[in-house]
Amino acid sequence: MELGTIISTLNGPSPSFFAFAIDRHTKVHKDQFVKVKTAEGIMLAMVDNIIKTNRYYSRPESVVEAENLEGLMPVSEWEFLVAEATPLGVLVDGSMHRPTLPPSPGDKVDVVEKELLFTTLGFEPTGLEVAEVFHHGVPVKLDLTKTFQKHLAILAMSGAGKSYLTSVLLEELLSRGKKVGRVATVVFDVHGEYSSFAESPPSKFIDFSKNSVCVTRMIFPVPRMSAARIASFVPGMSSVQLTELDRVIQDHYGELYDFKDLAGFVADSSIASQTKKSLKRWLLELHSTRLFGHKETFFTKRENEKEEEYILSELLSQGKLIILDLSDYITNRRKQIIVSWTASEIFKMRRADTIPPTVIILEEAHNFIPQGESRDIAMAKSIFETIAREGRKFLCSLCVVSQRPINLSTTVLSQCNTHIIMRITNPYDLDHIGKSSEGITSETLKSLTTLQVGEALVVGSAVRYPVFIKVRQRKSWEKKGVELEKEALRWEGKKAADKKELNELENAFV
Amino acid sequence: MELREVKLALSSVISKLSLIENIRKRLSSGLKSISHMSFSIAGKTSESLFNKVEKIKPNFSAGGVDGGLLTKSFHGIDLIITRAIGVVIWYENGKIVKNKRVGRSAPLVIEKESSNEGELIAYASLYRTQVEVERAIELVQKHSPDFLFMDGPLYPHPSTRMSKGDNGRAYSKLIKLYEQLHKECEKTGTKLIGVVEDTRSSLFSNIFHDKILPALPISKKARFKGLNQKFRDTSLLFDSLTQGERTFTFKLVKTGMKYEKELYGFYIKPAKYDRPVRIEFIAKEPGKLANEVATATYSLCVYKSYGLPSVIIEADARAKLNRNLIEYITRILRDKTGSPMLLNLRREQRPL
């Protein structure tokens, strides 16, 4: 279908820009893909902007002085739509090339067929179907390897639909068949948003509970920890203290102990009293977090069922999802310890090839891998930077989800080769995204501020060209949070009931 | 030294202009003072010197025709590119209910070997007007509007009148076309109107000095004593006519048309900040038609500083040719022929 005709402008048509007059009675949208035949082949382009012109309204002085302009002049006849497009590539013999010749003024611009767009954007029939391409209805099926192997970042302001998109991604990961390749998935669920995956949903939703477990509590094994690992949980441990602690640990190698026991070993050792005192204090303080014990235990719990105990490697299997629910952990330090230890173990096991390829999804990533913060405050930063740099080789993939990209470690963000960016309005975040995401033009960047909930831009290795998408409907059950109004009403009722009870009690005594 | 000479020359122009402007203003003010006086210039009815024009919500159909013209002189030949577009708008109670365009947007391109620049300009003008009048005939035949506004007078400009050669033939053809247009309008009842925007005419000024001034009572005449300077009509009437006023109707002369005896005109000021325009029309009895034509013209004016009727503005916008077209056509001709006749003129190729 014909959409318009290329016009001659001051800066185009060129291999990097052209404008076309949109035919009357056809619709062209911003961010839509279009095609045009050129001497090189079929040129694919994206509409960056659409401008409406009308000669009768082009001179302000004439507009202001006119009387009954619409009544006397056929002004609507002069309204034209001009689309500005950026060529993306030229299709030659089935493969895309960089355009080196411009289209000609007068050339016709056409709609891009769905099949052509699907292959041109680099989607795969067996890919993760997370959305539809804006204005085209083409399913966005992201290739698993291209999306995750070189890590993924989901960036958006609060309420733009990050968790919704992450849930859709989880659905796709859990729905993959054996023949197309499955991964193990771990989610660090800071707000308990994904625990519903592990629960039986109402009938109209797809049940993912058989492939998902929710870890509500965990104990990390002290005997498997080196002095250096313990020191990573304790900010400010000196090299002397570290050496002394290492010696104590070596002396008790092979024994089962927790931090309280270890503090006892320290107390009984011949370490200098000042060092001993400090070490004991730190070890007892770690013990008080109730995160450490004799052996590794991950407690999973399903609704109306007994708590079960596992070790991490037992839970990590292909096509399965582990949700580490951190919502009950109040202090940042405890969350940091859990995330840091678990991520390190997963990476270690992947290096040893004892667990299947794994995708780690980190919610509120800016809190765990912040830019500029020291290791003392951000214990997990180091391991995630390592995974970001080396995870690709060991098929340990990272998916960072954040609402403050500017606060996210640039090491991690720059290693995420695919970015899915949803609505962002903060100018600092926008600037940061513009600098760290490849292939984003200034026009595209401006569009991010106007995206609606559930709309996103995908850039990077998962797609051949930046593409605006609309996230598909969720198939899994989303446990809704309590609404403010309903909770406020519940409290009103509670208050009245309390008062009534008090009155009755008073009356009974009187 | 040279700068001082330029300044001296300029001050001389300034003094002369100031003097003339002073006379013009006094004449204008004098005209205003006798604007209510009646005269019988057009012969059959008498009108005031200046008359109020009624502005109404248009309830009629109006057509407009205008042409675009580009010329290019090469080393060996000249090129004329033109097109004429007609528009018709149907109004009901001050609102557009329908509009149509007449004529193709593709321009006509002809080559010409002119012996001098003046001849080319005259021929191009005649040719453009021919195309315009042909378009107007087509418009009247197809849509028979109540009024048809032509951009320009209802006769060929006397400066284009030549007895011999191509120009002579083009002139004769144009006369015939105008007469055919007049006949078509008579058939359909369309009122044919010529809108002359940048006229250099002194017709009104001459009538005033030769006929009105001598007929004034002595008391009024004193006001014009010593003001013998003649001006172009639009300068003279620039601030003596106020918005929504027109002059009396006068006869147009020396047009060379068969309908010359029925050709009348007046000046009207439809826009507050614009100069008056001359309106021409053909009538056996001009009195009633003059008011009708003036009302239609004034009611179709939209802008405060551009006093032309809407249909002419619309036709002009549609007919206008972009100068880039010359480059485009030249490139095609050069590519196909490679002829040295298509070399640019030397004046366009100066090294510095």
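Protein sequence lines, in the order shown, are assigned to chains A and B. Counting in our numbering, the first sequence runs from 1 upward without gaps. Counting in our numbering, the second sequence runs from 1001 upward without gaps. Each residue gets a CB set at the ideal place from its N, CA and C atoms; glycine is no exception. This structure is a prediction, so every number in the text was calculated from the model and none was measured.
Query raised in the report: Does the beta carbon of V1302 of chain B sit closer than 8 Å to a beta carbon anywhere in chain A?
Result: yes
Requested in this report: Could you tell me how far apart the beta carbons of I323 of chain A and Y194 of chain A are, in whole angstroms, since I believe they sit closer than 8 Å?
Outcome: 5 Å
Report task. Compare the C-beta of G4 of chain A with all C-beta atoms of chain B and state if any pair is closer than 8 Å. Result -> no
Query raised in the report: So, does the CB of A66 of chain A fall closer than 8 Å to a CB anywhere in chain B?
Result: yes
Requested in this report: Can you give me the Cβ contacts of P102 of chain A inside the same chain, cut-off strictly under 6 Å, excluding the 5 residues immediately before and after it?
Outcome: P13, S14 and P15
**Report entry** Minimum length 3: unbroken beta strand (DSSP E) runs contained in the region 1280-1318 of chain B
**Finding:** none
Query raised in the report: Helix, strand or coil for A228 of chain A per DSSP?
Result: helix
Query - Cβ distance (whole Å) where G89 of chain A is taken to contact L44 of chain A below 8 Å - result: 6 Å
Requested in this report: State the DSSP-derived secondary structure class of N49 of chain A, mapped to helix, strand or coil.
Outcome: strand
Report task. With DSSP as the reference, please indicate the residues paired to I469 of chain A in a beta bridge. Result -> A:V133 and A:A456
Report task. Could you give the DSSP three-state label for H432 of chain A: helix, strand or coil? Result -> helix
Query raised in the report: Three-state secondary structure (DSSP) at I338 of chain A?
Result: helix
Query raised in the report: Among the residues of its own chain, which have a CB less than 8 Å from the CB of E1117 of chain B, if the five just before and after it don't count?
Result: S1073
Query raised in the report: Which one of B:K1211, B:S1299, B:I1212 and B:E1262 has the shortest CA to CA distance from E1285 of chain B?
Result: B:E1262
Report task. Consult DSSP for E1092 of chain B and reduce its assignment to one of helix, strand or coil. Result -> strand
Requested in this report: Please list the segments of the beta strand (DSSP E) lying wholly inside the region 1150-1238 of chain B, counting only runs of 3 or more residues, in order along the chain.
Outcome: 1191-1196
Requested in this report: Run the CB neighbour count on V1195 of chain B, radius 10 Å, all protein chains shown included, and call it buried at 16 or more, exposed below.
Outcome: buried
Query raised in the report: When we look at the beta-carbon of Y1298 of chain B and count the other beta-carbons within 10 Å, is it buried (16 or more) or exposed?
Result: buried
**Report entry** Entirely enclosed alpha helix (DSSP H) segments - the region 289-341 of chain A, minimum 4 residues
**Finding:** 312-315
Query raised in the report: When we look at the beta-carbon of F509 of chain A and count the other beta-carbons within 10 Å, is it buried (16 or more) or exposed?
Result: exposed
Requested in this report: For chain B, find out if any of its Cβ atoms is closer than 8 Å to the Cβ of L10 of chain A; answer yes or no.
Outcome: no
Query raised in the report: What number of angstroms, rounded off, separates the C-alpha of N1291 of chain B from the C-alpha of K35 of chain A?
Result: 58 Å
**Report entry** Alpha carbon of T243 of chain A to alpha carbon of D325 of chain A, nearest angstrom
**Finding:** 35 Å
Query raised in the report: What do you reckon, are the CB atoms on S142 of chain A and F118 of chain A nearer than 8 Å?
Result: Looking at the sequence provided, one finds Leu at residue 142 of chain A rather than Ser. The answer is no: Cβ separation not under 8 Å.
Report task. Identify, in the order they occur along the chain, each residue of the same chain with its Cβ nearer than 8 Å to the Cβ of L1227 of chain B, setting aside the five sequence neighbours on each side. Result -> I1023, R1026, L1027 and G1030
Query raised in the report: What residues from the region 34-65 of chain A come within 7 Å of chain B, judged by C-beta to C-beta, listed N to C?
Result: R55, S62 and E65
Report task. Have a look at the DSSP bridge pairing and note the partners of L1027 of chain B. Result -> Beta-bridge pairing links L1027 of chain B to no other residue.
Query raised in the report: Taking buried to mean at least 16 other C-beta atoms within 10 Å of its own C-beta, is V1006 of chain B buried or exposed?
Result: exposed
Requested in this report: Taking only the alpha-carbon atoms, compute the straight-line gap between E478 of chain A and Q403 of chain A and give it to the nearest angstrom.
Outcome: 20 Å
Query raised in the report: For H25 of chain A, does the count of other Cβ atoms within 10 angstroms reach 16, so buried, or fall short, so exposed?
Result: exposed
Query raised in the report: Quick one, are the C-beta atoms of T1199 of chain B and P1156 of chain B less than 8 Å apart?
Result: no
Requested in this report: Compare the C-alpha of G1244 of chain B against each of B:N1093, B:K1304 and B:G1287 and name the closest.
Outcome: B:K1304
Requested in this report: Count the other C-beta atoms from every protein chain shown that fall within 10 angstroms of the C-beta of V453 of chain A, then say buried if there are 16 or more, exposed otherwise.
Outcome: exposed
**Report entry** Cβ-Cβ separation, V240 of chain A to F265 of chain A (assumed contact under 8 Å), whole Å
**Finding:** With a Cβ gap of about 17 Å, F265 of chain A and V240 of chain A do not count as contacting.
Query raised in the report: For chain A, is any of its Cβ atoms less than 8 Å away from the one on E1314 of chain B?
Result: yes
Query raised in the report: Would you call the CB atoms of V1302 of chain B and L413 of chain A closer than 8 Å?
Result: no
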